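First up is the structure itself, then whatever we jot down about it.
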Amino acid sequence: RNRGHIRNRSAYPMLVTFGDLSDPTSVAQVDPDDLAASFGTGTTLKRITVQMTDDPVTSGIEQRLGWLDRHRGSLVKRKPDQTLGEMPAAHRIGSTDFRRKVEL
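Sequential numbering of the sequence shown, starting at 1, is according to full-length UniProt numbering.
Now the structure itself:
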């Protein structure tokens with residue numbers, strides 16, 4: 001249906017990877033301007049495309065991230081004296097960022 005490329009860099013979604021899929025604290029933010037740092041030489045981001053569709057919502061993230069149903073809140077806990085503004089962006093990611101409740 002509706003399809004478009006995200007051209008404004010500030011509108012990109014946060015990209016992350018896990019060093020170990022079974023460990024939520026191994027989350028690391030991926031720099032979209034330097035994918036090679038996370039995925040190896042020659043890896044680049046050409047574009048991000050968003051498309052509206054009538055297809056059903058996909059599922060299966062719970063099988064890939066086995067801890068997701070048991071984990072609540074931030075994946076990496078902050079130090080008590082650390083403000084949110086001082087935290088790396090990847091440390092502000094929570095379990096709810098990986099799913100969306102769909103009301104039918």
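All C-beta atoms in this analysis are idealised placements derived from N, C-alpha and C, irrespective of residue type, glycine included.
Since this is a predicted model, take the numbers as computed values, not measurements.
If you draw a 10 Å sphere on the C-beta of V57, you find fewer than 16 other C-beta atoms in it, and that means exposed.
Under the DSSP assignment, Q82 falls outside any alpha helix (DSSP H); it carries neither an H nor an E label. Here L15 carries a strand assignment [DSSP, helix/strand/coil]. Residue nearest to L45 within the set Y12, E62 and S59 is Y12 (criterion: CA-CA distance). Distance from the CA atom of D31 to the CA atom of D54, rounded to whole angstroms, is 31 Å. Per the DSSP secondary-structure output, G94 pairs in a beta bridge with S74. Counting every other CB atom within 10 Å of its CB across the protein chains shown gives L65 a total of 16 or more, marking it as buried.
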